[in-house]
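Enquirer: One structure coming up, written as structure tokens, with questions to follow.
In structure tokens:
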């Protein structure tokens, strides 16, 4: 009897931000991967490939995507020759010369800047975006997809979710467009009492763009008396009172001088079994602690073991995955030892973790997009592991001995016969 399983494609949830560089550069459709080569031409390759996508040149795109054909490398060599740059890796100085030759703006987003802008050329009519990670350039096809956001402002280089919440100094404060011109006849909108700068501004203010269900006019209004601009979802127009503000405690629009408010009761957290325990061991023969063993255990006893000098990378790749979203991860003395390696890996991926510091130590580490929280059990049980059995009166358990100085690269495959 033969059984064949066919998995149907299923879509659920929303696109997430970059968590793991090596995985997400292959999985995210907003990133175009550039192949590596011995000469280090990835920058020029990324530039010519991005321009082909910008122009919509399908013939060139298909030719450069074919790894069996040298089209991509040939065009990269031609670009180096045209710009007068020797073949090899490129710094931002060479990127600026590419811009001048091609008359195009290049923006480089780097993991070293926590996926922020590391280089931005002067404004031109056309723009391409490159992603620099681990000394390699890829192409960012869509900034909104890359940052998993609804919008991206190319003036202040920030992703954001709601138009009415973003305040760009270069954009019109009415229609929220950068290209809005103040030259024209002002026109007042009688639905929201806001004064648009021109007829074009008024049309953009009332229009529905993209997949929006509500225009900016349907989201905001202005009071003619106090001139306050208020979001309709926060306070409907018919309930507005001049001089009212949003209370930071109860989140209601009230007259603060007359408002008496108490802090609301915080709902207790629901108990959860989504817990992972872990421990890291390091070798220190080089004078620097390098993780070469990691073990993780679920609350039900399932265990994962990672061996070798890539153990930290493999452990973090396994831990920071969508299947562990919302999990709580615990280690003893995490704030003084284990957490430092995890934060280092997250910064290498361009992720800015939310941390609670205590001096130079970290009591809590939280991944911003996956909601994974890493805490230290020593914050609750303030004694070493060797003293825990005596603390709870356990005679059958005790901490074993680990030969830290024996944990060197030469002894990783060492085997010995233990005799009774």
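Residue numbers (the numbering used here): -17 to 402. We treat Cβ as the ideally placed atom computed from N, Cα and C, and that holds for glycine.
If you count every other CB in all the chains shown that lies within 10 Å of the CB of residue 194, and 16 or more means buried, which is it?
Expert: Within the chain shown, numbered from 1, the residue matching residue 194 stands at position 212. Flag for residue 194 reads exposed.
Enquirer: How would you label residue 2, buried or exposed, when you count the other beta carbons within 10 angstroms and need 16 or more for buried?
Expert: On the chain shown, residue 2 is found 20 positions in, with the first residue counted as 1. The residue in question, residue 2, is buried, as its Cβ has 16 or more Cβ neighbours within 10 Å.
Enquirer: So within the segment 282 to 368, which uninterrupted alpha helix (DSSP H) runs reach at least 4 residues, ignoring any that extend past its ends?
Expert: Within the segment 282 to 368, the complete alpha helix (DSSP H) runs of at least 4 residues are 293 to 301, 321 to 330.
Enquirer: Could you pull out every residue in the same chain whose Cβ sits closer than 8 Å to the Cβ of residue 190, ignoring the five residues on either side in sequence?
Expert: In the chain shown, counting from the first residue as 1, residue 190 sits at position 208. So the list reads 196, 197, once near-sequence residues are dropped.
Enquirer: Rounded to the nearest angstrom, how far is the Cβ of residue 356 from that of residue 346, given a contact under 8 Å?
Expert: Locating residue 356 in the chain shown gives position 374, where the first residue counts as 1. Locating residue 346 in the chain shown gives position 364, where the first residue counts as 1. Right, the Cβ-Cβ distance comes to about 7 Å (below 8 Å), so this counts as a contact.
Enquirer: In three-state terms, what does DSSP make of residue 187?
Expert: Walking along the chain shown from the start, residue 187 turns up at place 205. Residue state, collapsed to three classes: helix.
Enquirer: Terminal residues of the continuous alpha helix (DSSP H) containing residue 370?
Expert: As a first step, residue 370 must be located in the chain shown, where it is residue number 388. Counting along the chain, the alpha helix (DSSP H) containing residue 370 begins and ends at 370 to 373.
Enquirer: So, does the segment -1 to 13 touch the segment 110 to 119, judging by three or more C-beta pairs under 8 Å?
Expert: Contact between the segment -1 to 13 and the segment 110 to 119 is present, because at least three Cβ pairs lie under 8 Å.
Enquirer: Using the three-state DSSP reduction, which class does residue 39 fall into: helix, strand or coil?
Expert: Mapped onto the chain shown, residue 39 falls at position 57. Coil, per DSSP.
Enquirer: Going by the CB atoms, is the gap between residue 13 and residue 31 shorter than 8 Å?
Expert: Position 49 of the chain shown, counted from the start, is the residue given in the question as residue 31. Position 31 of the chain shown, counted from the start, is the residue given in the question as residue 13. Not a contact, by the Cβ cut-off of 8 Å.
Enquirer: Please classify residue 275 as buried or exposed, where buried requires at least 16 neighbouring CB atoms within 10 angstroms.
Expert: Residue 275 sits at position 293 when you count from the first residue of the chain shown. It counts as buried.
Enquirer: Taking a contact to mean a Cβ-Cβ separation below 8 Å, would you say residue 312 touches residue 257 in this structure?
Expert: Mapped onto the chain shown, residue 312 falls at position 330. Mapped onto the chain shown, residue 257 falls at position 275. Yes.
Enquirer: Hey, quick one: how far does the alpha helix (DSSP H) through residue 59 stretch, first residue to last?
Expert: As a position in the chain shown, residue 59 is number 77, starting the count at 1. Here the alpha helix (DSSP H) through residue 59 covers 53 to 65.
Enquirer: Could you pull the start and end residues of the alpha helix (DSSP H) that residue 75 belongs to?
Expert: Taking the first residue of the chain shown as position 1, residue 75 is located at position 93. Per DSSP, residue 75 belongs to the alpha helix (DSSP H) from 74 to 84.
Enquirer: Using the Cβ count rule (16 or more neighbours within 10 Å means buried), how would you classify residue 54?
Expert: For the purposes of this step, residue 54 is taken as residue 72 along the chain shown, with counting starting at 1. Buried: at least 16 other Cβ atoms inside 10 Å.
Enquirer: Residue 204 and residue 174 - do their beta-carbons sit closer together than 8 Å?
Expert: Taking the first residue of the chain shown as position 1, residue 174 is located at position 192. Taking the first residue of the chain shown as position 1, residue 204 is located at position 222. In this structure, residue 204 lies closer than 8 Å to residue 174 by Cβ.
Enquirer: Using three-state DSSP, classify residue -17 as helix, strand or coil.
Expert: For the purposes of this step, residue -17 is taken as the residue at position 1 of the chain shown. Of the three classes helix, strand and coil, the one that applies to residue -17 here is coil, per DSSP.
Enquirer: Would you tell me roughly how many angstroms separate the C-alpha atoms of residue 434 and residue 366, rounded to the nearest one?
Expert: The question about residue 434 has no answer here: the residues shown for the chain are numbered -17 through 402.
Enquirer: Which one or two residues does DSSP pair with residue 164 in a beta bridge?
Expert: Numbered from 1 along the chain shown, position 182 holds the residue referred to as residue 164. Residue 164 pairs with nothing; no bridge assigned.
Enquirer: Pull up the CB-CB distance for residue 58 and residue 27, whole angstroms please, since I reckon it's below 8 Å.
Expert: The residue you call residue 58 lines up with position 76 of the chain shown. The residue you call residue 27 lines up with position 45 of the chain shown. The Cβ separation is near 5 Å, so the contact holds.
Enquirer: Note the first and the last residue of the continuous beta strand (DSSP E) segment covering residue 140.
Expert: Here residue 140 is taken as the residue at index 158 of the chain shown, counted from 1. Run containing residue 140: 140 to 142, per the beta strand (DSSP E) assignment.
Enquirer: Where does residue 133 sit, in a helix, a strand or coil, going by DSSP?
Expert: The sequence position of residue 133 within the chain shown is 151, counting from 1. In the structure shown, residue 133 sits in a strand (DSSP, three-state: E or B).
Enquirer: How about residue 162 and residue 135: do their beta carbons lie closer than 8 Å?
Expert: One-based indexing of the chain shown puts residue 162 at position 180. One-based indexing of the chain shown puts residue 135 at position 153. In this structure, residue 135 does not lie closer than 8 Å to residue 162 by Cβ.
Enquirer: So for residue 88, helix, strand or coil by DSSP?
Expert: In the chain shown, the residue the question calls residue 88 occupies position 106. Reduced to three states, the DSSP call for residue 88 is strand.
Enquirer: Closer than 7 Å to a non-hydrogen atom of the ligand GTP - does that hold for the CB of residue 348?
Expert: Looking for the ligand GTP in the displayed structure turns up nothing, as the structure carries no ligands at all.
Enquirer: Check each candidate in 309, 298, 248, 216 and name the one with the smallest Cα separation from residue 254.
Expert: Here residue 254 refers to the residue found at position 272 when the chain shown is read from its first residue. With distances taken between Cα atoms, residue 254 lies closest to 309.
Enquirer: Which residues in the same chain as residue 43 place their Cβ atom closer than 6 Å to its Cβ, once the five residues preceding and following it in sequence are excluded?
Expert: The residue labelled residue 43 in the question sits at position 61 within the chain shown. Correct list, in chain order: 34.
Enquirer: Given a cut-off of 8 Å, decide if residue 269 and residue 408 are closer than it, judged by their beta-carbon atoms.
Expert: Residue 408 cannot be examined here, being either before or after the span of the chain that is shown, -17 to 402.
Enquirer: Can you check DSSP and say which residues form a bridge with residue 228?
Expert: As a working mapping, residue 228 is identified with position 246 in the chain shown. 235, per the DSSP bridge assignment.
Enquirer: Do you know whose CA, among 332, 333, 83, 348, lies nearest residue 339's CA?
Expert: Counting from 1 along the chain shown, the entry for residue 339 is found at position 357. Among 332, 333, 83, 348, the Cα nearest to that of residue 339 belongs to 348.
Enquirer: Short of 7 Å in beta carbon distance, which residues of its chain neighbour residue 127, apart from the five on each side in sequence? Order them along the chain.
Expert: For the purposes of this step, residue 127 is taken as residue 145 along the chain shown, with counting starting at 1. For residue 127, where only same-chain residues beyond five positions count, the Cβ hits under 7 Å are -3, 10, 11, 12.
Enquirer: Where does residue 187 land, buried or exposed, given buried means 16+ other C-beta within 10 angstroms?
Expert: Your numbering for residue 187 matches position 205 in the chain shown. The residue is buried, with at least 16 neighbouring Cβ atoms inside 10 Å.
Enquirer: Can you tell me whether residue -1 is buried or exposed? The criterion is at least 16 other CB atoms within 10 Å of its CB, across all chains shown.
Expert: The residue given as residue -1 occupies position 17 in the chain shown. So residue -1 ends up on the buried side.
Enquirer: Residue 229 and residue 238: beta carbons closer than 8 Å?
Expert: In the chain shown, the residue the question calls residue 229 occupies position 247. In the chain shown, the residue the question calls residue 238 occupies position 256. In contact: residue 229 and residue 238 (Cβ atoms closer than 8 Å).
Enquirer: Rounded to whole angstroms, what is the Cα-Cα separation between residue 344 and residue -15?
Expert: Here residue 344 corresponds to residue number 362 of the chain shown, with the count starting at 1. Here residue -15 corresponds to residue number 3 of the chain shown, with the count starting at 1. Whole-angstrom Cα-Cα distance: 51 Å.
Enquirer: My understanding is that residue 363 touches residue 371, with C-beta atoms under 8 Å, so please give their C-beta distance in whole angstroms.
Expert: If you number the chain shown from 1, residue 363 lands on position 381. If you number the chain shown from 1, residue 371 lands on position 389. So it is not a contact: roughly 12 Å between Cβ atoms.
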